[in-house]
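The listed protein sequences correspond, in order, to chains F and P.
So the first sequence is numbered by this note's numbering: it starts at 1222 and just counts up by one.
So the second sequence is numbered by this note's numbering: it starts at 1158 and just counts up by one.
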Amino acid sequence: MSATIAPARAPSRRRHRPARRRALIAWAFMLPLIAINALVVLGPSVSALYFSLTDWSGLGSARWIGLDNYLELASDPEFLGAVWHNILWTAFFLVVPMAMGLFGAFALTRIRRFRLLFRVAYFVPYIMATVVTAAVWKNLLSPQLGIGKVLGINALGSTSLALPAVAIVNNWAWWGFLVVVFLAAMQDVNPNLYEAAALDGAGAFGQFWHITLPSIRPTFMFLGLMTIIWSFLSFDYVYILTQGGPAGATDVLSTLLYRDAFTSLRAGYASAIGVVMAAISGIVVLTYLVVRKRKGWAI
Amino acid sequence: MTATMINRDPLARPAGRLEPSRRGTGRDAGPFVYVLLCLLLLFALGPFVIFVFSALKSQSELATSPLSFPHEIHWSNFVSAWQQANMGAGLVNSVIVVAGTVAGVCVIAGCAAYAMARLNLPGANTYITYLLVTGSVPTQMFLVPLFYLWTRLNLYDSLFGLIVIYWGLFSPFATLLLRSFMLAIPRELDEAARIDGAGEIRLLFRVILPLSAPGFLTIALVSALSAYNEFLIAVTFIQNGALLPVSTTFFGFQEGYTQNYPLIGAAGLIMALPMLLLFLALQRRFIDGVSSSGLAGI
């Protein structure tokens, strides 16, 4: 045995050394990414877990208080209100932009002319900075100018209308993205399927329902999943347009976290809100993965 | 909701497959569909057009007829907005931030993607999982500790500190996208170059980089757009008025003493114009890049 191994060892070792060197080189190429990621994302995320269990103000030392922050969250009306607003927000974004995106994309697959033009035009709001989009709509919704004056309402100043108004503004900048992504998925659908469905007498809606929607289900599911996650993280438009007001009518988890961290100086409590937000994303993804496995979906 | 930086493993979908093809479903739909599409067009562009109109009006004209085409065009609004909102300084800071972000992301993600796609990195799948997980941790979760870490490291209130955060946030997605580009380059090319005696570095610069140039262009565009438009990190980490990037410069102007909507409109257009022009010039690559960042891998 040993006689057969011994001569084989020398060449394999010679081949081994460059392999190990190459692994080291590969590692060296990975290093900047891992280092930056650890510094910016991983380290602060782990310390957020720790600080969420303390009464840290952001300055000075932190005192361990166990789960007190989480217990306080469970009975904090501001927090519960924010969670409710996020749930309403999610419902809105699962319905309105998804419907507009699906309709827009499907209609674009049905026309021959101007398809590119429509696609570009729909996408323009998406590339606008949130601050610019907010300015566009502040102008429009202002009670002295624009639509606000015509309709005689102050949408952003009303406790009942502010949240839908902010959601509509956010949707303006969002749905074009969905059109583009759905359109890309729909263009991969085999055209023969439509012809077969048409022969079976399916109209445009029937073809959409029986052919398009099942064919693009991976994209549809993924965007639905992302919509839920992003809805719970939404910050920019609320912060810029209303700062959570009037009277907390548009407060969402992000704006609450921001206020607790940087105005009320309750960094520990804010960290707990951040952990809850991450947990919600995690739960959504895990639920999806479990359902996917049960149903045997590929994606 | 902005979706520019969502991570999915871009294994399966090579970028460029999203281009609209001529083959559609064949027959042309009736005029009714065009009417509905035009209504959506009105929703997409109408508010922006009204914004452009308002930027060209006088304040008194805006008050009396807010929605109409400007009666008399006030180009001087742009001059006043430029000066009063300090847009010049904001744009300079943004150019620095965007250039630093794009250069860093290309280097960091380029190296990592090269290691993952071409160097037989041991445990490459573990790294992919790691990038997917850390890439989907919400910024809000680590915002507070990051803020206090940055004040300790003297990176708070510095453009470099802002750029480093953008590197951390944008590199994971860029890596995964570039990796899929580099995986598509035939292995035989490496072997041929190695037989000719090329080392890793030469291989990288002579073979891999030129062939994955479209991938780099895509991640550069997506990172540039994200860095230029980004708000949450910028408003949190830069306080010094002389260092504000254009997004928070404009935000400050909008929030500030002025309720002069024509000037706000002009300043907003000044901010939007660079990205709008870049988008219109490179719209196909933009759309491919941004939408593949949303669902690459499906």
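No residue lacks a Cβ here, since even glycine has one placed at the ideal position from N, Cα and C.
- In the displayed model, F/T1471 falls within coil according to three-state DSSP, outside both helix and strand.
- Counting C-beta pairs with one atom in each stretch, the region 1248-1263 of chain P and the region 1437-1444 of chain P have fewer than three that are closer than 8 Å, which means they do not touch.
- Within chain F, A1350, V1352 and V1353 have C-beta atoms less than 8 Å from the C-beta of P/M1428, given in sequence order.
- By the 16-neighbour rule on beta-carbons within 10 angstroms, P/P1371 is exposed.
- In this structure the region 1335-1353 of chain F does not lie against the region 1415-1429 of chain F, because fewer than three pairs of beta carbons, one per stretch, are closer than 8 Å.
- Residue-level contact by beta carbon fails for F/V1304 and chain P, as no gap is shorter than 8 Å.
- Each residue's CA atom was taken as its position, placing P/C1195 and F/A1326 some 13 Å apart.
- In the three-state reduction of the DSSP assignment, P/T1291 falls in the helix class.
- Per the DSSP secondary-structure output, F/W1285 pairs in a beta bridge with F/T1275.
- Using a CB distance cut-off of 8 Å, F/A1417 does not count as an interface residue toward chain P.
- Neighbours of P/S1369 across chain F, judged by C-beta separation under 9 Å, do not exist; the nearest C-beta is about 14 Å away.
- Linking F/A1320 to F/A1342 through their CA atoms gives a straight-line distance of about 18 Å.
- CA-CA distance, P/D1353 to P/R1359, rounds to 11 Å.
- Counting only runs of 4 or more residues that sit fully inside the region 1218-1246 of chain P, the alpha helix (DSSP H) segments are 1233-1241, in chain order.
- Residues of chain P with a Cβ closer than 8 Å to the Cβ of F/Y1291 do not exist; the shortest Cβ-Cβ separation is about 14 Å.
- Flagged as an interface residue toward chain F: P/E1357, by a C-beta distance shorter than 8 Å.
- Considering only beta carbons, the part of the region 1266-1292 of chain F lying closer than 8 Å to chain P consists of S1266, S1268, A1269, F1272 and G1279, in chain order.
- For a Cβ distance threshold of 7 Å, residue set R1243 and A1247 of chain F lies close to P/N1277, ordered along the chain.
- Membership of F/S1502 in the alpha helix (DSSP H) is indicated by the continuous run A1488 to K1516.
- In the structure shown, P/E1387 adopts coil according to DSSP, grouped into three states.
- Against chain P, a Cβ distance below 9 Å from F/A1488 picks out V1301, P1302, F1304 and Y1305.
- Distance from the CA of F/F1453 to the CA of F/S1492, rounded to the nearest whole angstrom, comes to 15 Å.
- Contacts with chain F (Cβ-Cβ distance below 7 Å) from the region 1386-1408 of chain P involve N1386, F1388, L1389, S1404, F1407 and F1408, listed in chain order.
- Here F/R1241 carries a helix assignment [DSSP, helix/strand/coil].
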